[in-house]
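Some notes on the structure that comes next.
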C-alpha cells in the first residue's frame with residue numbers, strides 16, 4: 062500500500078494530471094507480443110498516467126494546427142521523461158520496471174499501434190473509458206489527454222475501472238472526422254475495449270494529407286473535452 066501511494070504521489074508531483082494502477086494480468090487479453098509480460102516476464106502491475114493538453118489550441122482547430130502540434134509534441138516529450146523518472150524511482154526501490162512511450166516510435170505506423178496499448182492500460186487503471194472516437198475519455202479532461210505507462214515487477218494496489226461512461230454518444234466526433242474514419246461504430250463500439258475504427262483512413266489523412274501533423278478534430282468536437290458536457 063505504501064509503495065502504491067509513493068509512486069502515485071511521485072508522478073503527480075512531477076506533473077501528471079491523472080494516475081491509475083492496474084494488475085498486469087488485466088491486460089492479458091491484448092494481442093500476443095503486446096502484453097506486459099511479453100516485455101517483463103515477472104510483471105505485476107501497470108501504472109497509467111495522463112497529461113492534459115491546454116484547451117485553447119484544441120478548440121481552435123483546424124486553424125490552430127501548428128499550435129496543436131506544439132501541445133502534442135510537448136505532452137509526448139513530457140510523458141516520456143516522466144515515464145523514465147517513474148521507472149527509475151521504482152527500480153531504486155528494487156523493482157525492475159519499463160516505461161512505454163506516449164506515441165508509437167518511428168517505423169511503427171505500418172502496424173498502427175505502439176508496443177503497449179496506453180489506452181487499454183488507462184481503462185484498466187480507472188482513468189476513463191473509450192469514447193466513440195476510440196480515444197480514452199476521462200471525466201476530468203475528456204479525450205484532451207496524452208498517455209504514458211510503466212510496467213513494473215512491483216505488486217501495487219490496483220484501482221477500480223471507471224463504471225460510468227463519460228461519453229454520451231452524441232456523435233459529434235463522427236461528424237467532425239474529415240475522412241469518415243469513425244463510421245460503422247454501431248454494434249461495434251465498447252466503452253471498455255474500444256472498436257475497430259478505420260485506422261487506415263485516419264493515418265492516411267495524418268501522414269499523407271497533413272504530412273505528419275495531427276488532426277485532432279474528433280477531440281476538438283467532443284463536448285467533454287471542451288468542458289461543455
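Residue numbers (our numbering): 62 to 290.
Cβ atoms here follow ideal geometry from the backbone N, Cα and C, with glycine treated the same way.
(request) Go to residue 164, then tell me how far its alpha helix (DSSP H) extends in each direction, as first and last residue. (result) No alpha helix (DSSP H) holds residue 164; DSSP gives it neither H nor E.
(request) Drop a sphere of 10 angstroms on the beta-carbon of residue 172, count the other beta-carbons inside from all chains shown, and report buried for 16 or more, exposed for fewer. (result) Unreliable placement is indicated for residue 172, whose pLDDT of 48 sits below 50; the coordinate value is still reported in the next sentence. Burial call: exposed.
(message) Between which residues of its own chain and residue 143 is the CB-CB distance below 7 Å, once the five residues before and five after are set aside?
(response) The residues are 72, 75, 76, 77, 110 and 209.
(message) Give me the DSSP bridge partner(s) of residue 242.
(response) For residue 242, no pairing in a beta bridge is given by DSSP.
(message) So, at 8 Å on beta carbons, what are the nonlocal neighbours of residue 87 in its own chain, with the 5 sequence-adjacent residues on each side left out?
(response) Shown here for residue 87: same chain residues with a beta carbon closer than 8 Å to its own, the five before and five after excluded, namely 107, 185 and 219 in chain order.
(message) Can you confirm whether the stretch 232-245 touches the stretch 189-203 when touching is taken to mean that 3 or more C-beta pairs between the two stretches lie within less than 8 Å?
(response) Contact between the stretch 189-203 and the stretch 232-245 is present, because at least three Cβ pairs lie under 8 Å.
(request) Would you tell me roughly how many angstroms separate the C-alpha atoms of residue 269 and residue 260, rounded to the nearest one? (result) Between residue 269 and residue 260, the alpha-carbon positions lie close to 13 Å from each other.
(request) Specify the secondary structure class of residue 146 as computed by DSSP and reduced to three states. (result) In the structure shown, residue 146 sits in a helix (DSSP, three-state: H, G or I).
(message) Tell me which residues share the same chain as residue 79 and place their Cβ nearer than 6 Å to its Cβ, disregarding the 5 neighbours each side in the sequence.
(response) So the qualifying residues of the chain are 111 and 188.
(message) Considering Cα atoms alone, identify which of 114, 82 and 85 is closest to residue 292.
(response) A question about residue 292 goes unanswered here, because the residues of the chain that appear run from 62 up to 290.
(request) Measure the CB-CB distance between residue 215 and residue 105 and report whether it falls below 8 Å. (result) Yes. Within cutoff.
(request) Give me the Cα-Cα distance between residue 160 and residue 153, rounded to the nearest whole angstrom. (result) Their backbone Cα atoms lie some 14 Å apart in a straight line.
(request) Would you mind sorting residue 202 into buried or exposed? The rule is 16 or more other CB atoms within 10 Å of its CB. (result) Label assigned to residue 202: buried.
(request) Output the boundary residues of the alpha helix (DSSP H) element that contains residue 280. (result) Taken as a continuous stretch (DSSP letters only), the alpha helix (DSSP H) holding residue 280 covers 278-281.
(message) Is it buried or exposed, residue 278, if we count other Cβ atoms within 10 angstroms and call 16 or more buried?
(response) Burial call: buried.
(message) Residues in the same chain with beta-carbon distance under 7 Å from residue 65, minus the five sequence neighbours each way, listed in chain order, please.
(response) Taking residue 65 as the centre and dropping the five residues before and after it, the same chain places the C-beta of 82, 217 and 218 closer than 7 Å to its C-beta, in chain order.
(message) Which complete alpha helix (DSSP H) runs does the stretch 84-157 hold, if anything under 4 residues is left out?
(response) Within the stretch 84-157, the complete alpha helix (DSSP H) runs of at least 4 residues are 97-100, 116-120 and 126-152.
(request) Run the proximity test for residue 156: is its beta-carbon closer than 7 Å to any non-hydrogen atom belonging to the ligand ADP? (result) Only the bare structure without any ligand can be found here, which leaves the ligand ADP out of the picture.
(request) Return no unless some Cβ of chain C is closer than 8 Å to the Cβ of residue 264. (result) Within the model displayed, chain C is absent; a lone protein chain is all it includes.
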